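Numbering (this note's numbering), first residue to last: 3 to 277.
Even glycine gets a Cβ: it sits at the ideal position worked out from N, Cα and C.
Being a predicted model, the structure only gives us computed values, none of them experimental.
What follows is a set of notes on a single structure, which appears directly below.
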Amino acid sequence: MRRLSALFIAILSILPLSAESFVVDRYSVSIDVDSARDMHFEEVMDLDFIYPSHGIIRDIQCYFPGYDGFPATRAEVSDIRASEAEEVRSDGRFVSIVLGDSGRLITGPYSFAISYDFDMGKDYYDDYDEVYINIVSADGWNTYIGMVEFSITLPFPVSSDRVWVTYGQYGSVPRLPFALSEDGLTVSGSASSLSPGEAVTVRIEMEEGYFIDASDPYAMARLAFMAGLILTAALIIVALILFFRFGRENRVIAPVEFDPPEGLTPMDLAFVLNG
């Protein structure tokens, strides 16, 4: 019995443990993407609270750092709706939806549902367009997920050989099976038994110009940069004109000179000065 207990404790010590008050029985995500690359999310979270809790926090990443010479991207999250939302807040990197009730504790099975619009604008690739979505983020909930289901509906048909669904720890590349509808518009799939820190990612590649109505998220930044350059150049020109017109001083200032009193030599003055 002691050996079995020791073995059980050893196994528990090497398994990733949930740091949340709940486990996720089922997580369902439905995404509609339009021709402007705007996405409408609908999520249903079936949870099982291990011990009493007021609720959960759903973090939606809205800031994505730049890499490989590409600039950072900031998405706009709007029209947030939830079955039970006590608060919505943002720190610039995430929009966080606080689900639950601070005046009530939840135990056992419980479900939350949310929906929101997610606008990233045009991507910065010149030779193709893409949709890249972390259905489950590796740094999201630190708990077990029994089942993940997703469905992504697109505005125009895509090819199955340009769809990739991966899962696992950060940097992992194992592939998951997926289904593409006959009309080529809907990609769906599922994953089961995810441990803390494991993610599910979907990437769909399209021909350049697929998102014909996508806005350029960097247009305002470029406009502000050019306006700053023009304003700086104008100020420098005005400063130079004012300097040459009013700032130059043409008066000749005579240097101060000292001569010994008449009739005395420098030696005489040194004699008097030194006593």
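If you check the beta carbons only, do residue i and residue j fall under 7 angstroms apart?
i: D61; j: F96; result: yes
i: M47; j: F114; result: yes
i: I154; j: I33; result: yes
i: D131; j: Y65; result: no
i: P157; j: S37; result: yes
i: Y169; j: P176; result: yes
i: P159; j: L182; result: no
i: V167; j: V204; result: yes
Could you check where the beta strand (DSSP E) with residue i kicks off and where it finishes?
i: F24; result: 24-35
i: M47; result: 40-55
i: I270; result: Looking at the sequence provided, one finds Asp at residue 270 rather than Ile. Unbroken run through D270 is the alpha helix (DSSP H), 268-275; no beta strand (DSSP E).
i: R205; result: 201-209
i: A256; result: Unbroken run through A256: none, as it is neither H nor E.
i: Y130; result: 130-138
i: F180; result: 180-182
Would you list the residues sitting across from residue i in a DSSP beta bridge?
i: P73; result: DSSP output for P73 lists no bridge partner at all.
i: Q63; result: F96
i: Y169; result: V202
i: V79; result: F120
i: S194; result: M149
i: T234; result: Note: T234 sits in no beta bridge, so no partner.
i: R177; result: T168
i: S113; result: D48
i: R106; result: DSSP output for R106 lists no bridge partner at all.
i: V189; result: I154, L182
If we count the other Cβ atoms within 10 Å of its Cβ and call it buried at 16 or more, is residue i buried or exposed?
i: E89; result: exposed
i: G265; result: exposed
i: V133; result: buried
i: V35; result: buried
i: L107; result: exposed
i: A21; result: exposed
i: E209; result: exposed
i: D40; result: buried
i: A193; result: buried
i: Y53; result: exposed
i: L49; result: buried
i: V189; result: buried
i: L242; result: exposed
i: E78; result: exposed
Have a look at residue i and residue j and give me their C-alpha separation to the nearest angstrom.
i: V138; j: A236; result: 50 angstroms
i: G142; j: P67; result: 17 angstroms
i: P268; j: E259; result: 15 angstroms
i: Y118; j: S98; result: 12 angstroms
i: A87; j: G102; result: 6 angstroms
i: D128; j: P73; result: 14 angstroms
i: M228; j: A84; result: 41 angstroms
i: D70; j: Q171; result: 22 angstroms
i: S161; j: K124; result: 20 angstroms
i: L17; j: V202; result: Because the pLDDT at L17 is just 41, under 50, the model does not fix this residue reliably, and the value given afterwards should be weighed accordingly. Roughly 20 angstroms separates the two Cα atoms.
i: I116; j: S30; result: 11 angstroms
i: A140; j: I147; result: 12 angstroms
i: T234; j: V100; result: 45 angstroms
i: G110; j: A216; result: 43 angstroms
i: R76; j: I214; result: 20 angstroms
i: G105; j: G57; result: 10 angstroms
i: G191; j: L231; result: 49 angstroms
i: L6; j: F51; result: Confidence in L6 is poor, its pLDDT being 43 and thus under 50, which makes the residue's placement too unreliable to answer from.
i: P262; j: I255; result: 22 angstroms
i: S23; j: D185; result: 42 angstroms
i: S174; j: E200; result: 9 angstroms
i: S55; j: V165; result: 39 angstroms
i: D81; j: I239; result: 47 angstroms
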